[in-house]
Amino acid sequence: MTVLEALFQVLDTRDHSLAFRYSCRSAVCGSCAMFINGRHRLACSTLVSELGSDIVIEPLPHMPVIKDLVVDLTTFFEKYEVVKPYVVSTRSAPKNEWVQSTKQREKINDSTDCIMCAACYSSCPSVWTGKKYLGPAALLQAYRFAADSRDGTLRDRLGVVGSEDGLWRCHTIFNCTEACPKSLNPARFIENLKRTSTKEALKAKIPFLR
Ligand code: SF4
Numbered sequence: 002m003t004v005l006e007a008l009f010q011v012l013d014t015r016d017h018s019l020a021f022r023y024s025c026r027s028a029v030c031g032s033c034a035m036f037i038n039g040r041h042r043l044a045c046s047t048l049v050s051e052l053g054s055d056i057v058i059e060p061l062p063h064m065p066v067i068k069d070l071v072v073d074l075t076t077f078f079e080k081y082e083v084v085k086p087y088v089v090s091t092r093s094a095p096k097n098e099w100v101q102s103t104k105q106r107e108k109i110n111d112s113t114d115c116i117m118c119a120a121c122y123s124s125c126p127s128v129w130t131g132k133k134y135l136g137p138a139a140l141l142q143a144y145r146f147a148a149d150s151r152d153g154t155l156r157d158r159l160g161v162v163g164s165e166d167g168l169w170r171c172h173t174i175f176n177c178t179e180a181c182p183k184s185l186n187p188a189r190f191i192e193n194l195k196r197t198s199t200k201e202a203l204k205a206k207i208p209f210l211r
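Using the working numbering, the letters of the sequence shown correspond one by one to residues 2 to 211.
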């Protein structure tokens, strides 16, 4: 039995008002991220048998709670929108399809696996103390599209994440990496983006990109 199935059992047999989010039940949609026995986890991929006899299930910490285990993700997704999470091509469209070499694809490996569950965001002290800070998930997505060979807006993207509430507010604490239920390393992608930002700034002979 998974924690998600246990929650359904509670809903059906003990408390019909219990509120929690879920969708795919296969660790793909990110909806059921919760704080389970003191760790960020996905309820659908966490087995009750692995948790011991006492199980404490809480909503994602440091997030406004709407009801029970449902948190308000409005700000989280607003920040996601800021980084334009889609390819913006500046070249004319090819006849058939954009071709990516294996090497080009390797650059964005893993970063494409983010399921936007907000576990990293909820775990980040820079988010807790800086309301406007974009946070690890949005910055990971910024890397994912900045490094995509089909995108042509690197400078614009660096301008967005180079702001005071972007990249440089990350202090490489690694909570995000520890919290990620997909075993991704958002801190590494943020570091890559910092490096790219610095290189581009040096090329353009400006102190840093804004
Ligand atoms: S990086 Fe990991 S923890 Fe953060 S939103 Fe993506 S999947 Fe969730």
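Even for Gly, the Cβ is constructed at its ideal location relative to N, Cα and C.
Please classify residue i: does DSSP put it in a helix, a strand, or coil?
i: arginine 42; result: strand
i: alanine 1; result: Any property of residue 1 remains undetermined from this structure, which presents the chain solely from 2 to 211.
i: valine 83; result: helix
i: valine 72; result: strand
i: glutamate 98; result: coil
i: threonine 3; result: strand
i: glutamate 107; result: helix
i: leucine 8; result: helix
With burial defined as no fewer than 16 other Cβ atoms inside 10 Å of the residue's Cβ, what is the status of residue i: buried or exposed?
i: histidine 41; result: buried
i: isoleucine 56; result: exposed
i: alanine 180; result: buried
Looking at the unbroken beta strand (DSSP E) that takes in residue i, where does it start and where does it end?
i: isoleucine 37; result: 34-37
Using CA coordinates, which residue listed in the options is at the minimum distance from residue i?
i: valine 88; options: Asp16, Ala147, Val66; result: Ala147
i: alanine 119; options: Glu6, His17, Met35; result: Met35
i: valine 71; options: Asn97, Ala44, Lys80; result: Ala44
i: serine 27; options: Pro95, Gln101, Ser46, Arg196; result: Ser46
i: serine 184; options: Glu98, Arg22, Asn38, Asp111; result: Asp111
i: cysteine 171; options: Ser150, Asn193, Arg156; result: Asn193
i: serine 90; options: Arg156, Thr113, Pro62, Cys177; result: Arg156
Over what stretch of residues does the alpha helix (DSSP H) that includes residue i continue unbroken?
i: valine 66; result: Run containing valine 66: none in the alpha helix (DSSP H); it sits in the beta strand (DSSP E), 66-68.
i: valine 188; result: As written in the sequence, residue 188 is alanine, which differs from the valine given in the question. Run containing alanine 188: 187-204, per the alpha helix (DSSP H) assignment.
i: arginine 145; result: 137-147
i: glutamate 179; result: 176-180
i: arginine 158; result: 155-162
i: valine 128; result: 126-130
Which residues share a DSSP beta bridge with residue i?
i: glutamate 59; result: Phe36
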